[in-house]
Amino acid sequence: GSKESEAKPQSVVFRSLKAGETARVALMLPFTQRGTTSQNYIDFYQGFLMGIDSIRMAGHSIDLDVFDTCHDHTTIASILDSEPLSQADLIVGPVYEDEVIPVSRHAEKRNIPIVSPLANLTHTKSGVTFQMSPTVEHKYDQLRSLFDERRIVVIRSESTDKEFEAEMMQLIGNRPT
1187 GSKESEAKPQ SVVFRSLKAG ETARVALMLP FTQRGTTSQN YIDFYQGFLM GIDSIRMAGH
1247 SIDLDVFDTC HDHTTIASIL DSEPLSQADL IVGPVYEDEV IPVSRHAEKR NIPIVSPLAN
1307 LTHTKSGVTF QMSPTVEHKY DQLRSLFDER RIVVIRSEST DKEFEAEMMQ LIGNRPT
């Protein structure tokens, strides 16, 4: 392996935002993929903005830079070269682990913490990256008991999230639907 992969992951410390300080947050989401806009990530973004508003109402100042990763490595590379990302105090995202890996290398050099709210990180070994989503084997633990002894109705539409549907169908298993 290379010296970079053998290096001990650097750790970051989360610090409180002091009165009068402004935190610069970079949000990285794949709003578009292969030319199609993802409603799921638009919805996530809207929820994120509500959280930012709550922080602002509590008297803190946040500068938010939003990046569309397009789940594309060329786009990620251009984002990594951008000034706003290099000056971020916190990076939220990206969503997919293949995107997290180059972003974490970038963040390690600048001691920027990354909070990955949705990725299931199995190959990323970085002291600056924090996974917020549960591991795949525990992702739906709270839902399993809801499916016991019940008939399940599955409703599909043109905007159904196929990945989520597949996960739910696996969770449902042989139960009557």
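My numbering puts the first residue of the sequence shown at 1187, with every later residue one more than the last.
Cβ atoms here follow ideal geometry from the backbone N, Cα and C, with glycine treated the same way.
Because the structure is a prediction, the values reported are computed rather than measured.
* To do: Give the DSSP-derived three-state secondary structure of Q1219 in the structure shown.
  => Translated into positions along the sequence shown, residue 1219 becomes position 33. DSSP places Q1219 in strand when its eight states are reduced to three.
* My understanding is that V1252 touches L1276, with C-beta atoms under 8 Å, so please give their C-beta distance in whole angstroms. => In the sequence shown, the residue the question calls residue 1252 occupies position 66. In the sequence shown, the residue the question calls residue 1276 occupies position 90. Going by Cβ atoms, the distance from V1252 to L1276 rounds to 13 Å, so no, they are not a contact pair.
* Going by C-alpha distance, which of T1223, R1210 and F1234 is nearest L1304? -> Counting from one through the sequence shown, the residue named residue 1304 turns up at place 118. The option with the nearest alpha carbon to L1304 is F1234.
* Looking at the structure shown, is T1208 part of a helix, part of a strand, or coil, going by DSSP? -> In the sequence shown, residue 1208 corresponds to position 22, counting from 1. T1208: strand per DSSP, three-state reduction.
* To do: Can you check the segment 1243 to 1295 for any alpha helix (DSSP H) of at least 4 residues that lies completely inside it and give the ranges in chain order?
  => Taking only runs of at least 4 residues, the alpha helix (DSSP H) segments lying wholly in the segment 1243 to 1295 are 1259 to 1266 and 1269 to 1272.
* Does DSSP put L1304 in a helix, a strand or coil? -> For the purposes of this step, residue 1304 is identified with residue 118 of the sequence shown, where counting begins at 1. L1304: coil per DSSP, three-state reduction.
* If you drop the 5 nearest sequence neighbours on each side, which residues of the same chain put their C-beta closer than 7 Å to that of V1281? -> Looking up residue 1281 in the sequence shown gives position 95. Cβ neighbours of V1281 beyond the five flanking positions: L1215, P1216, L1304 and A1305.
* Asked: Can a CB atom of chain C be found closer than 8 Å to the CB of V1314?
  -> Within the model displayed, chain C is absent; a lone protein chain is all it includes.
* **Cutoff 6 Å; reference M1236; Cβ partners in own chain excluding five residues on either side** => One-based indexing of the sequence shown puts residue 1236 at position 50. None.
* To do: Throw me the rounded Cβ distance for the D1254 and T1222 pair, which I believe falls under 8 Å.
  => Here residue 1254 is taken as the residue at index 68 of the sequence shown, counted from 1. Here residue 1222 is taken as the residue at index 36 of the sequence shown, counted from 1. The C-beta distance from D1254 to T1222 rounds to 12 Å, too long to fall under 8 Å, and the pair is not in contact.
* Asked: For the alpha helix (DSSP H) that contains E1344, what are its first and last residues?
  -> Numbered from 1 along the sequence shown, position 158 holds the residue referred to as residue 1344. DSSP places E1344 outside any alpha helix (DSSP H), giving it a letter other than H or E.
* Asked: If we ignore side chains and look at the alpha-carbon of each, how far apart do D1258 and G1245 end up?
  -> Numbered from 1 along the sequence shown, position 72 holds the residue referred to as residue 1258. Numbered from 1 along the sequence shown, position 59 holds the residue referred to as residue 1245. Spanning the two alpha carbons is a distance of roughly 36 Å.
* Where L1271 falls, given that 16 or more other Cβ within 10 Å makes a residue buried -> Locating residue 1271 in the sequence shown gives position 85, counting from the first residue. Classification for L1271: buried.
* Bridge-paired residues (DSSP) for M1214 -> Taking the first residue of the sequence shown as position 1, residue 1214 is located at position 28. M1214 is bridged to F1253.
* To do: Using beta-carbon positions only, say whether A1293 and R1210 come within less than 8 Å of one another.
  => Within the sequence shown, the letter at position 107 stands for residue 1293. Within the sequence shown, the letter at position 24 stands for residue 1210. Taking the C-beta atoms as reference points, R1210 is found no nearer than 8 Å to A1293.
* Asked: Cα-Cα, which of S1268, R1242 and V1314 is closest to I1287?
  -> In the sequence shown, residue 1287 corresponds to position 101, counting from 1. Checked all of S1268, R1242 and V1314; the closest Cα to I1287 is V1314.
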